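As structure tokens, the structure follows; a few thoughts come after it.
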Ligand code: NDP
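Numbering (my numbering), first residue to last: 384 to 636.
And the structure:
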């Protein structure tokens, strides 16, 4: 067993890696989807890529929490359910929903995301095995859990609803991009990313630990930079693009 102090140090180091990468991601566009590049070595099927890169988060966290942690503790059970809801969808449903049949993703991106999900799934799962405290009912803790669950579910609905609006812009076997309309697209170019950030904010409140905080920080770094890239791309591609739309936070960013 890793001592709690060493584990916390690992989490802080992991957060530091994200913070160092942030300014790089502000300059370098993540090369997948519309920004994909074919000069990054081998490419693999897009659906398969999504399945593979997200799989470790489901398997590693699932194994640790199901077989090693105390699921009778509500402070373990609740975050485990939220994580499971998200990753069962992301690994098993999302890759089947996307209409990117003929598209490929750089194997390098899949590998990097695969490694990220190994670390993230491990840190988040391991914490619940060895460091979770017991549940003591109290107003503050209950408010925290209720707020966290509401945020998680609201964020998930926002994320999945807008992902589906985007996916349906394209015919089942088609290609290309259109301007998305409906829902929060009135305000921002990437409401699906906004939903994802809200979800992991809720999860961090429920889990209330360093690994969940580190995942939230990484999500913020990944998705705000990707939203800024998408937003610039829409403005460049479509002259009629609504200039009042922001990238990810209505009226602000
Ligand atoms: P995108 O918004 O880039 O794309 C989502 C899907 O919709 C893709 O299949 C994309 O096709 C398609 N699409 C997007 N825009 C259009 C358009 N204008 N016209 C037609 N089709 C479109 O999301 P990502 O692929 O980056 O991410 C997918 C999910 O993964 C999101 O829910 C995101 O929140 C989550 N994610 C979470 C991260 C985290 O750190 N927690 C990191 C990265 C993603 P195509 O792929 O061909 O562009």
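Backbone N, C-alpha and C define an ideal beta-carbon position, used for all residues, glycine too. Note that this is a predicted model, so its numbers are computed, not measured.
- Query: Taking DSSP as the reference, what is the three-state secondary structure of residue 487?
  - Reply: The sequence position of residue 487 within the chain shown is 104, counting from 1. Strand, per DSSP.
- Message: In this structure, how does DSSP classify residue 561 when only helix, strand and coil are distinguished?
- Response: Here residue 561 refers to the residue found at position 178 of the chain shown. Coil at residue 561, not helix or strand.
- Task: Indicate, with yes or no, if the ligand NDP has a heavy atom lying under 7 Å from the CB of residue 579.
- Result: Here residue 579 refers to the residue found at position 196 when the chain shown is read from its first residue. It does: the Cβ of residue 579 is within 7 Å (strictly closer) of some heavy atom of the ligand NDP.
- Task: To the nearest angstrom, report how far apart residue 572 and residue 464 are at their CA atoms.
- Result: Residue numbering aside, residue 572 sits at position 189 when the chain shown is read from its first letter. Residue numbering aside, residue 464 sits at position 81 when the chain shown is read from its first letter. The straight-line gap from Cα to Cα measures roughly 30 Å.
- Query: From residue 448 to residue 549, what does the alpha carbon distance come to, in whole angstroms?
  - Reply: Position 65 of the chain shown, counted from the first residue, corresponds to residue 448. Position 166 of the chain shown, counted from the first residue, corresponds to residue 549. Going by the C-alpha atoms only, they are around 33 Å apart.
- Query: Can you list, in chain order, the residues of its chain whose CB lies under 7 Å from that of residue 415, leaving out five sequence neighbours each side?
  - Reply: Against the chain shown, residue 415 aligns to sequence position 32. Taken in chain order, the residues that qualify are 488, 489 and 492.
- Item | Proximal residues to residue 477 (C-beta, below 6 Å), its chain only, five neighbours per side dropped | Counting from one through the chain shown, the residue named residue 477 turns up at place 94. For residue 477, where only same-chain residues beyond five positions count, there are no Cβ hits under 6 Å.
- Message: Taking the alpha carbon of residue 529 as the reference point, which residue from 630, 457, 439 and 423 has its own alpha carbon closest?
- Response: Counting from one through the chain shown, the residue named residue 529 turns up at place 146. Here the closest residue by C-alpha is 457.
- Identify, in the order they occur along the chain, each residue of the same chain with its Cβ nearer than 7 Å to the Cβ of residue 600, setting aside the five sequence neighbours on each side. Reading the chain shown from its first residue, position 217 is the one you call residue 600. Excluding sequence neighbours, residue 600 sits near 398 and 401.
- Task: Out of 618, 582 and 481, state which residue places its alpha-carbon closest to the alpha-carbon of residue 432.
- Result: Here residue 432 corresponds to residue number 49 of the chain shown, with the count starting at 1. Comparing Cα-Cα distances from residue 432 to each of 618, 582 and 481, the minimum goes to 481.
- Message: Looking at the strands, I want to know which residues DSSP matches up with residue 639.
- Response: The chain is shown from 384 up to 636; residue 639 falls before or after that span and cannot be answered.
- Item | Separation of residue 606 from residue 635, as counted between CA atoms | In the chain shown, residue 635 corresponds to position 252, counting from 1. In the chain shown, residue 606 corresponds to position 223, counting from 1. Each residue's Cα considered, the two are about 15 Å apart.
- Taking the C-alpha atoms as reference points, what is the distance between residue 539 and residue 588? On the chain shown, position 156 is the one that residue 539 refers to. On the chain shown, position 205 is the one that residue 588 refers to. Their backbone Cα atoms lie some 15 Å apart in a straight line.
- Message: So, at 8 Å on beta carbons, what are the nonlocal neighbours of residue 413 in its own chain, with the 5 sequence-adjacent residues on each side left out?
- Response: Stepping through the chain shown from its first residue, residue 413 is reached at position 30. Excluding positions up to five away in sequence, the list reads 492, 605, 608, 609 and 612.
- Query: Is residue 645 buried or exposed, if buried means 16 or more other CB atoms sit within 10 Å of its CB?
  - Reply: The shown model of the chain, from 384 to 636, leaves out residue 645, and the question about it has no answer.
- Straight-line CA distance for residue 394 to residue 514? Position 11 of the chain shown holds residue 394. Position 131 of the chain shown holds residue 514. Their Cα atoms are separated by approximately 13 Å.
- Item | residue 426 - partner residues in DSSP beta bridges | For the purposes of this step, residue 426 is taken as residue 43 along the chain shown, with counting starting at 1. In DSSP, residue 426 forms a bridge with 489.
- Item | Close-in-space but distant-in-sequence residues of the same chain around residue 505 (CB under 7 Å, 5 per side omitted) | Along the chain shown, one-based indexing puts residue 505 at 122. Once the five neighbours on either side are set aside, the close Cβ partners of residue 505 are 443.
- Message: Output needed for residue 507: all residues of its chain with C-beta closer than 6 Å, excluding positions within five of it in sequence on either side, in chain order.
- Response: Against the chain shown, residue 507 aligns to sequence position 124. Same-chain partners within the cutoff: 444 and 594.
- My guess is that residue 462 and residue 586 are in contact by the Cβ rule of under 8 Å, so how many angstroms apart are they, rounded? Counted from its first residue, the chain shown places residue 462 at position 79. Counted from its first residue, the chain shown places residue 586 at position 203. Right, the Cβ-Cβ distance comes to about 6 Å (below 8 Å), so this counts as a contact.
- Skipping 5 residues on each side, what residues in its chain have a beta carbon closer than 8 Å to that of residue 404? Locating residue 404 in the chain shown gives position 21, counting from the first residue. Once the five neighbours on either side are set aside, the close Cβ partners of residue 404 are 604.
- Are residue 547 and residue 631 touching if we call contact CB-CB under 8 Å? Looking up residue 547 in the chain shown gives position 164. Looking up residue 631 in the chain shown gives position 248. Against a cut-off of 8 Å, the Cβ pair of residue 631 and residue 547 comes out as no contact.
- Query: Helix, strand or coil: how does DSSP classify residue 542 here?
  - Reply: The sequence position of residue 542 within the chain shown is 159, counting from 1. In this structure, residue 542 counts as helix in the three-state DSSP scheme.
- Helix, strand or coil at residue 456 [DSSP, three-state]: Position 73 of the chain shown, counting from 1, holds the residue named residue 456. Three-state DSSP puts residue 456 in coil, outside helix and strand.
- What separation, rounded to the nearest whole angstrom, lies between the Cα atoms of residue 618 and residue 386? If you number the chain shown from 1, residue 618 lands on position 235. If you number the chain shown from 1, residue 386 lands on position 3. About 50 Å.
- Task: Rounded to whole angstroms, what's the CA-CA distance from residue 623 to residue 557? Just pull it up for me.
- Result: As a first step, residue 623 is located in the chain shown; it is residue number 240 there, counting from the start. As a first step, residue 557 is located in the chain shown; it is residue number 174 there, counting from the start. If you take the alpha carbons of residue 623 and residue 557, they lie about 23 Å apart.
- Could you have a look at residue 520 and say whether DSSP puts it in helix, strand or coil? The sequence position of residue 520 within the chain shown is 137, counting from 1. In the structure shown, residue 520 sits in coil (DSSP, three-state: anything other than H, G, I, E or B).
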